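One structure below.
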Amino acid sequence: TTSSSSEAIASESHSTDLTKHPTSEVSSETLLLYKNFWFRRQFVDRIKLLQVRFKARHDDIIIATNPKCGTTWLKALAFTITNRSRYDFSNHPLLTRHPQELVKTIDVEIPLNGDLTSIETLPSPRILATHMPFSLLPESIGIHGCRILYICRDPKDAFVSRWHFTNEVFTEKTDINVAFNKCCEGISDFGPFWDHCLEYWKESTGKPDRVLFLKYEDMMLEPVKFVKTLASFLGGPFSHEEEDAGVVEEVVRLCSFKTLSSLNNSETDVVERGYLAVKKSAYFRRGKVGDWVNHISDEMGRKLDYIVEEKLKGSGLVF
Ligand code: A3P
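Its first residue numbered 9, the sequence shown is counted upward by one per residue in UniProt numbering.
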């Protein structure tokens, strides 16, 4: 069961060679249950630190996601939309810098000594990301009424994307069937996946001005519409002049998988993220809806769909 608020160990850790992999500090299969969600140990420590140390500002924009649901894309979009009067598309920071560099993830950024200088020195309005479940967000975010953008994704595609990423970045060669069975039990980074979605979903239905709930698939289908929605939600809708000048389409194009993956396709360039150094290209694998069919069976797909459907029953949230 995942209902205990105590910490429980999901599986044994594997020994790793810290000198070989920049990310090997987290190269382990150990997930801990903390307040109903599963985390790598050091995330539990970081979350506890953030709850005490993080000071929100009223104009902070928080991007919240389950891992592998479109964080990088949403970072690029939010950055481009909010800075559109500052940067020209021909000379844009995204042309040379990775979305993960331009928008920090606080849970990754905070060092274990709790020094938040890198976040505190950012000018307002800040755009900050997190994978934390809603129930574990630092209180200060709620007190200041920060706006939250949440993106979720078909759990099957999110699972497959996460499996690839974990294998590549955390150098865990986990069998896909083993990882899948754990995922079905709710045991995955920041999981259970469905509870993570549900918490933000409930908050978005109660406070739609505060939490914008997005789905990867919807955004892929109608990116122009969602870029407009994002701009309006963030308090700066596109003007008629901007729309006539094609600015919305420019934003969509610059932040598209095609553009960003070609700008970040080096096999050697890494993005420094707090204690992590990750290959830039690792954030751009396929960028497709429905890629799960190439990696897990129809039967596995139906099983996960069924579990998620049951868990979300009555909430109004469907995938
Ligand atoms: P796939 O592994 O299915 O390709 P996150 O950014 O939360 O880590 O999620 C990564 C997933 O989003 C990956 O999915 C990645 O390819 C996809 N992605 C990254 N940038 C994207 C973009 N600009 N548009 C659409 N999908 C994108």
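Just so you know, even glycine gets a beta-carbon here, dropped at the ideal spot from N, CA and C.
What you are looking at is a predicted structure, and each value in this text was computed from that prediction instead of being measured.
Exercise. What are the start and end residues of each continuous beta strand (DSSP E) run of 3 or more residues lying completely inside the region 240–308, in chain order?
Worked result: 278–281, 284–287
Problem set entry | N-terminal and C-terminal residue of the alpha helix (DSSP H) that Thr90 is part of | For this step, residue 90 is matched to residue 82 along the sequence shown. Element bounds for Thr90: 79–90.
Problem set entry | Residue from Glu147, Ile135, Leu39, Val286 with nearest C-alpha to Lys56 | Residue mapping note: residue 56 aligns to position 48 of the sequence shown, counting from 1. Of Glu147, Ile135, Leu39, Val286, the residue nearest in Cα terms is Glu147.
Problem set entry | Coarse secondary structure for Thr237, derived from DSSP in three states | Within the sequence shown, numbered from 1, the residue matching residue 237 stands at position 229. If DSSP states are grouped into helix, strand and coil, Thr237 belongs with the helices.
Exercise. Is the region 305–319 in contact with the region 143–157, if contact means three or more CB pairs nearer than 8 Å?
Worked result: Under the Cβ criterion (8 Å, minimum of three pairs), the region 305–319 does not count as touching the region 143–157.
Problem set entry | Residue of Leu39, Arg61, Leu40, Cys77 minimising C-alpha distance to Phe327 | Along the sequence shown, read from residue 1 onward, the residue named residue 327 stands at position 319. It is Cys77 whose Cα lies nearest to the Cα of Phe327.
Exercise. Leu136: which of Ser126, Ser143, Thr113, Thr237 sits nearest, CA to CA?
Worked result: Sequence index remark: in the sequence shown, residue 136 carries index 128 (1-based). With distances taken between Cα atoms, Leu136 lies closest to Thr113.
For this session: Could you name the residues that DSSP lists as bridge partners for Leu220?
Result: Stepping through the sequence shown from its first residue, residue 220 is reached at position 212. Partner(s): Leu157.
Exercise. Cα separation between Val34 and Thr213?
Worked result: Translated into positions along the sequence shown, residue 34 becomes position 26. Translated into positions along the sequence shown, residue 213 becomes position 205. Interpretation of Val34 is limited by its pLDDT of 36, a score under 50 that renders its predicted location unreliable; the figure taken from the coordinates is listed afterwards. Approximately 35 Å, taken between the alpha carbons.
Exercise. Should Ser270 be counted as a contact of the ligand A3P given a C-beta to heavy atom distance under 7 Å?
Worked result: Counting from 1 along the sequence shown, the entry for residue 270 is found at position 262. Because no heavy atom of the ligand A3P lies under 7 Å away, the Cβ of Ser270 does not count as near it: no.
Problem set entry | Contact under 8 Å by Cβ, Leu238 with Leu325 | Within the sequence shown, residue 238 is the residue found at index 230, counting from 1. Within the sequence shown, residue 325 is the residue found at index 317, counting from 1. With respect to the 8 Å criterion, Leu238 and Leu325 are not classified as neighbours on the basis of their beta carbons.
For this session: Confirm the yes/no value for this check: CB of Phe292, any heavy atom of the ligand A3P, distance under 7 Å.
Result: Residue 292 sits at position 284 when you count from the first residue of the sequence shown. True, at least one ligand heavy atom lies under 7 Å from that Cβ.
For this session: At 4 residues or longer, and completely inside the region 186–222: list those alpha helix (DSSP H) runs for me, N to C.
Result: 201–214
Exercise. DSSP three-state call for Leu144: helix, strand or coil?
Worked result: For the purposes of this step, residue 144 is taken as residue 136 along the sequence shown, with counting starting at 1. Three-state result, Leu144: helix.
Exercise. Would you report the Cα separation of Ile291 and Trp81, rounded to the nearest angstrom?
Worked result: Against the sequence shown, residue 291 aligns to sequence position 283. Against the sequence shown, residue 81 aligns to sequence position 73. It is Tyr, not Ile, that sits at residue 291 in the sequence shown. Computed Cα separation, rounded: 9 Å.
Problem set entry | Residue interval of the alpha helix (DSSP H) (run including Leu110) | As a working note, residue 110 is residue 102 in the sequence shown. From DSSP, the alpha helix (DSSP H) with Leu110 extends over 107–110.
Exercise. Going by Cα to Cα distance, which pick from Ile89, Pro231, Asp115 is closest to Ser240?
Worked result: Taking the first residue of the sequence shown as position 1, residue 240 is located at position 232. Cα-wise, what sits closest to Ser240 is Ile89.
Problem set entry | Nonlocal neighbours in the same chain, by C-beta distance under 6 Å from Gly243, ignoring five residues either side | Here residue 243 refers to the residue found at position 235 of the sequence shown. Once the five neighbours on either side are set aside, Gly243 has no close Cβ partner at all.
Exercise. Can you tell me whether Asp306 is buried or exposed, with buried defined as 16 or more other CB within 10 angstroms of its CB?
Worked result: For this step, residue 306 is matched to residue 298 along the sequence shown. Result: exposed.
Problem set entry | Phe167 burial status per 10 Å Cβ neighbour count (16 or more: buried) | Walking along the sequence shown from the start, residue 167 turns up at place 159. Its Cβ being crowded by 16 or more others within 10 Å, Phe167 is buried.
Exercise. So Ile71 is in the alpha helix (DSSP H); what residue range does that whole segment cover?
Worked result: Residue numbering aside, residue 71 sits at position 63 when the sequence shown is read from its first letter. Careful: Ile71 lies outside any alpha helix (DSSP H), inside the beta strand (DSSP E) at 69–73.
Exercise. For Tyr314, does the three-state DSSP call read helix, strand or coil?
Worked result: Residue numbering aside, residue 314 sits at position 306 when the sequence shown is read from its first letter. Tyr314: helix per DSSP, three-state reduction.
Exercise. Do Ala84 and the ligand A3P come close, with the Cβ less than 7 Å from some heavy atom?
Worked result: Your numbering for residue 84 matches position 76 in the sequence shown. Ala84 Cβ: within cutoff of the ligand A3P.
Exercise. So, are the CB atoms of Phe279 and Glu109 less than 8 Å apart?
Worked result: If you number the sequence shown from 1, residue 279 lands on position 271. If you number the sequence shown from 1, residue 109 lands on position 101. With the sequence shown as reference, residue 279 is identified as Val, and Phe is not the correct amino acid for it. In this structure, Glu109 lies closer than 8 Å to Val279 by Cβ.
Exercise. If you drop the 5 nearest sequence neighbours on each side, which residues of the same chain put their C-beta closer than 8 Å to that of Arg65?
Worked result: Stepping through the sequence shown from its first residue, residue 65 is reached at position 57. Cβ within range, chain order: Ser132, Pro133, Arg134, His152, Cys154.
Exercise. Cβ of Pro107 within 8 Å of Cβ of Lys83?
Worked result: For this step, residue 107 is matched to residue 99 along the sequence shown. For this step, residue 83 is matched to residue 75 along the sequence shown. A contact, by the Cβ cut-off of 8 Å.
Exercise. Leu136 lies in the alpha helix (DSSP H); which residues open and close that run?
Worked result: In the sequence shown, counting from the first residue as 1, residue 136 sits at position 128. No alpha helix (DSSP H) contains Leu136, which is instead part of the beta strand (DSSP E) from 135–138.
For this session: Specify the secondary structure class of Thr113 as computed by DSSP and reduced to three states.
Result: As a working mapping, residue 113 is identified with position 105 in the sequence shown. If DSSP states are grouped into helix, strand and coil, Thr113 belongs with the strands.
Exercise. Any heavy atom of the ligand A3P closer than 7 Å to the CB of Ala113?
Worked result: On the sequence shown, position 105 is the one that residue 113 refers to. This sequence places Thr at residue 113; Ala is not what is there. Thr113: no, Cβ never under 7 Å from the ligand A3P.
For this session: Buried or exposed for Asp117, please, with buried defined as at least 16 other CB atoms from any protein chain shown within 10 angstroms of its CB.
Result: Taking the sequence shown and counting its residues from 1, the one referred to as residue 117 is at position 109. In the sequence as presented, Asp is not what sits at residue 117; that position holds Glu. Glu117 counts as buried, since at least 16 other C-beta atoms from the protein chains shown sit within 10 angstroms of its C-beta.
For this session: Give the range of the beta strand (DSSP E) segment to which Leu120 is assigned.
Result: If you number the sequence shown from 1, residue 120 lands on position 112. Note, Leu120: premise wrong, no beta strand (DSSP E); not H, not E.
Problem set entry | Short Cβ contact (8 Å threshold) for Val260 with Arg92 | Looking up residue 260 in the sequence shown gives position 252. Looking up residue 92 in the sequence shown gives position 84. Contact: no.
For this session: Could you tell me if Thr31 is buried or exposed, where buried requires 16 or more neighbouring beta carbons within 10 angstroms of its beta carbon?
Result: Working through the sequence shown from its first residue, we reach residue 31 at position 23. Note on Thr31: pLDDT 36, under 50, position unreliable in the model; the coordinate value appears next. Buried.
Problem set entry | One or two residues paired with Leu58 in a DSSP bridge | Here residue 58 refers to the residue found at position 50 of the sequence shown. Answer by DSSP bridge pairing: none, since Leu58 is not bridged.
Exercise. CB-CB under 8 Å to Cys192, same chain, minus the five flanking residues each way: which ones, in chain order?
Worked result: As a first step, residue 192 must be located in the sequence shown, where it is residue number 184. Excluding residues within five positions, the ones whose Cβ falls inside 8 Å are Lys311, Leu312, Ile315.
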